[in-house]
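In terms of this note's numbering, the sequence shown is residues 1 to 161.
Below: one structure, written as structure tokens.
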Amino acid sequence: MSWLKGPQMAIVWTVVRLYLGYEWLTAGWEKITGEFDASGYLKGAIGKSTGEHPAVQGWYASFLENVALPNVGVFNFLVSWGEFLVGLGLILGALTIPALLAGAFMNLNFMLAGTTSTNPILYTLAMILLFAGSASYYYGVDRFLLPKLRKDKEEDMKVNV
1 MSWLKGPQMA IVWTVVRLYL GYEWLTAGWE KITGEFDASG YLKGAIGKST
51 GEHPAVQGWY ASFLENVALP NVGVFNFLVS WGEFLVGLGL ILGALTIPAL
101 LAGAFMNLNF MLAGTTSTNP ILYTLAMILL FAGSASYYYG VDRFLLPKLR
151 KDKEEDMKVN V
């Protein structure tokens with residue numbers, strides 16, 4: 001299985017990472033530059049929590065109704081900039097693992113809110129890249145940044161010991 005994490009497969013993972021980054025970056029940029037307001041989306045998700053076969057679980061609808069909707073301004077900011085920064089991180093291959101985790105977390109929340117769209121695909125790609133590990137950012141900023149950060153951390157540990 002080591003061939004899945006080698007430099008040759010890293011090319012494939014880079015293409016997947018760039019695609020995923022593009023999807024997040026453009027979605028975030030559209031929200032940042034447009035007049036994004038999640039209140040209608042949140043109300044729609046809350047409405048999907050009733051009936052015989054609800055698309056949204058009651059506990060999640062309660063979260064949306066009692067936390068997200070009253071703080072929709074904060075959520076508008078977090079979603080817009082979160083999407084944009086996840087995309088930027090993935091395109092650059094910088095802080096790739098945190099970007100993948102943040103993107104997967106957003107996808108999961110969108111799916112919990114009853115939205116399918118591309119979310120299962122993007123979530124699955126994020127999971128695949130997480131399993132690919134360092135091969136997912138072999139061709140990216142993290143390849144050079146992470147060893148430097150680890151070296152600095154090791155030096156801090158020596159000083160503090």
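By construction, the Cβ of each residue, glycine as well, lies at the ideal position given by its N, Cα and C atoms.
Keep in mind that this is a model prediction, so the values were computed, not measured.
Simplified DSSP assignment, three categories, for residue i
i: Y41; result: helix
i: Q57; result: coil
i: K48; result: coil
i: E35; result: coil
i: G73; result: helix
i: G6; result: coil
i: R17; result: helix
Where residue i falls, given that 16 or more other Cβ within 10 Å makes a residue buried
i: G91; result: What sits at residue 91 in the sequence shown is Ile, not Gly. Under this definition I91 is a buried residue.
i: V67; result: exposed
i: N71; result: exposed
i: K151; result: exposed
i: W13; result: buried
i: D83; result: One point to set straight first is that residue 83 is Glu, not Asp, in the sequence displayed. Buried.
i: E35; result: exposed
i: K148; result: exposed
i: S2; result: exposed
i: L173; result: Residue numbering for the chain in the displayed model covers 1 to 161; residue 173 lies beyond these limits and cannot be assessed.
i: W24; result: buried
i: L20; result: buried
i: V15; result: exposed
Residue closest to residue i, alpha-carbon to alpha-carbon, out of the options
i: F110; options: L85, Q57, G89 and K151; result: Q57
i: M127; options: Y138, A102 and S39; result: A102
i: F144; options: S49, G93 and G6; result: G93
i: A38; options: W24, V74, L4 and S62; result: V74
i: F63; options: A45, A10 and S2; result: A45
i: G114; options: A61, L88 and A27; result: A61
i: A135; options: T116, L112, T50 and I97; result: I97
Report the residue ranges of all alpha helix (DSSP H) runs contained in full by the stretch 75-159; include only those spanning at least 4 residues, in chain order. Here the runs fully enclosed are 96-112 and 119-132.
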